[in-house]
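Notes follow once the structure below has been shown.
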Amino acid sequence: MTTTAPKGLEGIIAAETEMSFIDGTQGILEYVGIAIDDLARNSTFEETVFLLWNRRLPTQSELDAFTQDIRSRYQLPAGLEERITTLPKTAEPMHMLRTMVSSLAMFDSDPNQNDPDSARDKALNVLACAPAIVAAFDRHRRGLPVVAPDSSLSIAENFLNMLNGEKPTATMAKALDVCLILHADHGLNNSTFSARVVISTMSDVYSALTAAIGSLRGPLHGGANEGVMRMLNEIPTVADADAFITGKLERKEKVMGFGHRVYKAYDPRATYLKTLAKQLAEDTGNQDLYEKSFAIEKVMEDAVAAKGIYPNVDFYSATTYHCIGLQLDLFTPLFAISRLGGWSGHVIEQLSDNRLYRPKADYIGPHDAPYIPIAERG
Ligand code: ACO
Numbered sequence: 002m003t004t005t006a007p008k009g010l011e012g013i014i015a016a017e018t019e020m021s022f023i024d025g026t027q028g029i030l031e032y033v034g035i036a037i038d039d040l041a042r043n044s045t046f047e048e049t050v051f052l053l054w055n056r057r058l059p060t061q062s063e064l065d066a067f068t069q070d071i072r073s074r075y076q077l078p079a080g081l082e083e084r085i086t087t088l089p090k091t092a093e094p095m096h097m098l099r100t101m102v103s104s105l106a107m108f109d110s111d112p113n114q115n116d117p118d119s120a121r122d123k124a125l126n127v128l129a130c131a132p133a134i135v136a137a138f139d140r141h142r143r144g145l146p147v148v149a150p151d152s153s154l155s156i157a158e159n160f161l162n163m164l165n166g167e168k169p170t171a172t173m174a175k176a177l178d179v180c181l182i183l184h185a186d187h188g189l190n191n192s193t194f195s196a197r198v199v200i201s202t203m204s205d206v207y208s209a210l211t212a213a214i215g216s217l218r219g220p221l222h223g224g225a226n227e228g229v230m231r232m233l234n235e236i237p238t239v240a241d242a243d244a245f246i247t248g249k250l251e252r253k254e255k256v257m258g259f260g261h262r263v264y265k266a267y268d269p270r271a272t273y274l275k276t277l278a279k280q281l282a283e284d285t286g287n288q289d290l291y292e293k294s295f296a297i298e299k300v301m302e303d304a305v306a307a308k309g310i311y312p313n314v315d316f317y318s319a320t321t322y323h324c325i326g327l328q329l330d331l332f333t334p335l336f337a338i339s340r341l342g343g344w345s346g347h348v349i350e351q352l353s354d355n356r357l358y359r360p361k362a363d364y365i366g367p368h369d370a371p372y373i374p375i376a377e378r379g
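Per the numbering used here, the very first residue in the sequence shown carries number 2; after that it's consecutive.
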């Protein structure tokens with residue numbers, strides 16, 4: 002028998018969704034039919050999450066109630082902050098976030114309920130607590146006191162306030178909010194698929210979201226934004242970008258922040274982030290980072306655009322996050338905070354019409370092999 006499934010399940014449709022639509026050839030991304038650019042310009046992260054979970058935009062009173070509900074859950078459960086502040090300061094934030102999201106289940110008196118209301122309730126808890134978890138750990142490792150969440154602030158404002166101990170400027174809060182919108186959902190990407198696979202066993206929302214975080218941290222997925230920043234730091238000046246990238250391509254190394262399984266055109270999120278990164282770089286005196294990124298893009302365009310390899314969402318988000326003031330290893334946790342909106346929506350969607358995911362593997366090993374006693378093995 003020969004294997005029929007394409008490697009990496011490329012092109013396989015494994016679920017139906019009403020959340021996001023991607024046309025990888027035209028470079029289109031829509032959430033519930035609304036262009037991502039329109040949402041980035043006009044929506045907020047909270048409203049976008051409502052849209053993804055309910056497949057429609059909220060009325061003002063619905064949005065107010067949803068926002069209030071999230072804000073009322075900002076506070077970490079008693080005992081969790083103490084756990085975070087006793088973790089090794091050297092821990093990777095993504096390992097920390099995965100572990101702490103998992104541990105939220107133990108603070109829930111009924112963690113295994115998967116009916117629609119309970120699933121939303123648990124998803125809201127995780128969405129509301131994740132920024133406080135990341136910020137508390139970052140303050141702890143920097144030897145600073147933890148800043149309590151402020152329920153008068155949006156998710157973006159609250160996150161920056163808890164990280165820095167001061168309210169962000171409107172420009173920085175808006176920039177972060179836009180990043181949260183742009184990263185919130187993206188079809189059946191690897192981490193979303195992981196979440197749907199786990200919940201399809203009727204496990205629990207916390208397990209599904211924990212699995213998704215584990216998937217996201219991989220350098221071929223959400224971890225690429227940190228890889229981009231490391232690369233930018235490795236390139237001494239704009240003038241060195243050409244030789245650096247050409248060398249990578251000659252050695253057949255992947256350039257982080259380029260290429261996508263689905264997009265063979267410019268990722269529409271990258272289009273938006275490029276403009277945002279340029280503006281923020283100018284505002285914060287980080288023009289060199291933007292210019293290096295732009296120089297890399299030019300080299301890649303000449304070398305590999307013909308193969309359909311363009312900047313993806315992670316490329317210009319690295320400069321954007323740096324300008325917002327995030328530590329390099331908080332880039333992927335920030336992505337996770339945003340994608341919790343999408344993962345949760347998919348978990349809810351999967352539960353509404355569930356069937357256990359259980360594909361098959363083609364066995365390609367030997368048959369009728371003898372069991373050789375251990376003493377006789379060579
Ligand atoms: N740099 C250089 N060459 C690349 C890149 C890249 N970033 N991406 C793909 N290619 C080349 C491959 O070398 C391969 O060339 P070949 O046909 O000559 O051997 C061809 O394009 C196909 O590449 P695959 O890795 O097979 O494509 P796949 O669809 O499996 O991979 C992926 C998609 C994993 C995103 C890939 O483009 C990559 O590794 N990019 C770098 C990591 C990255 O930025 N990941 C973030 C993706 S967005 C997200 O997950 C949020």
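The C-beta atom is built at its ideal place from N, Cα and C for all residues, glycine as well. Computed from a prediction, not measured in an experiment: that's the story for all the values here.
Using three-state DSSP, classify residue i as helix, strand or coil.
i, result
"Ser153", "coil"
"Ile23", "strand"
"Ala31", "For the record, residue 31 in the displayed sequence is Glu; it is not Ala. Of the three classes helix, strand and coil, the one that applies to Glu31 here is strand, per DSSP."
"Pro94", "helix"
"Ala225", "helix"
"His323", "helix"
"Ala15", "coil"
"Pro371", "coil"
"His187", "strand"
"Ala196", "helix"
"Ala282", "helix"
"Ala242", "helix"
"Ala36", "strand"
Going by beta-carbon coordinates alone, are residue i and residue j separated by less than 7 Å?
i, j, result
"Val1", "Lys293", "An answer regarding residue 1 cannot be provided, because it is not within the stretch 2 to 379 covered by the chain."
"Met173", "Pro334", "no"
"Val256", "Lys265", "no"
"Gly223", "Phe336", "yes"
"Ala296", "Ala370", "no"
"Asp178", "Ala157", "yes"
"Leu341", "Leu128", "yes"
"Lys275", "Tyr317", "yes"
"Ile246", "Val300", "yes"
"Trp344", "Ala120", "no"
"Ala41", "Leu183", "yes"
"Val263", "Ile35", "no"
Using 8 Å for Cβ pairs, my map puts residue i next to residue j. What's the rounded Cβ distance?
i, j, result
"Arg72", "Ser152", "4 Å"
"Leu77", "Cys130", "6 Å"
"Phe46", "Leu181", "4 Å"
"Thr320", "Leu352", "Incorrect: roughly 38 Å between the Cβ atoms, too far for contact."
"Ala176", "Leu327", "Going by Cβ atoms, the distance from Ala176 to Leu327 rounds to 11 Å, so no, they are not a contact pair."
"Arg99", "Ile214", "4 Å"
"Ala16", "Leu217", "Incorrect: roughly 18 Å between the Cβ atoms, too far for contact."
"Pro117", "Ile349", "7 Å"
May I ask whether a heavy atom of the ligand SAM can be found less than 6 Å away from the beta carbon of residue i?
i, result
"Asp303", "Absent from the structure shown: the ligand SAM. Ligands present: the ligand ACO."
- Segment contact, 8 Å Cβ cut-off, at least three pairs: the region 111 to 118 with the region 192 to 212: yes
- Query: Per the contact definition of three or more C-beta pairs closer than 8 Å, is the region 83 to 92 in contact with the region 311 to 319?
  - Reply: no
- Query: Quick check: the region 129 to 137 against the region 157 to 166, are there 3 or more CB pairs under 8 Å?
  - Reply: yes
- Item | Three or more C-beta pairs below 8 Å linking the region 350 to 363 and the region 198 to 205 | yes
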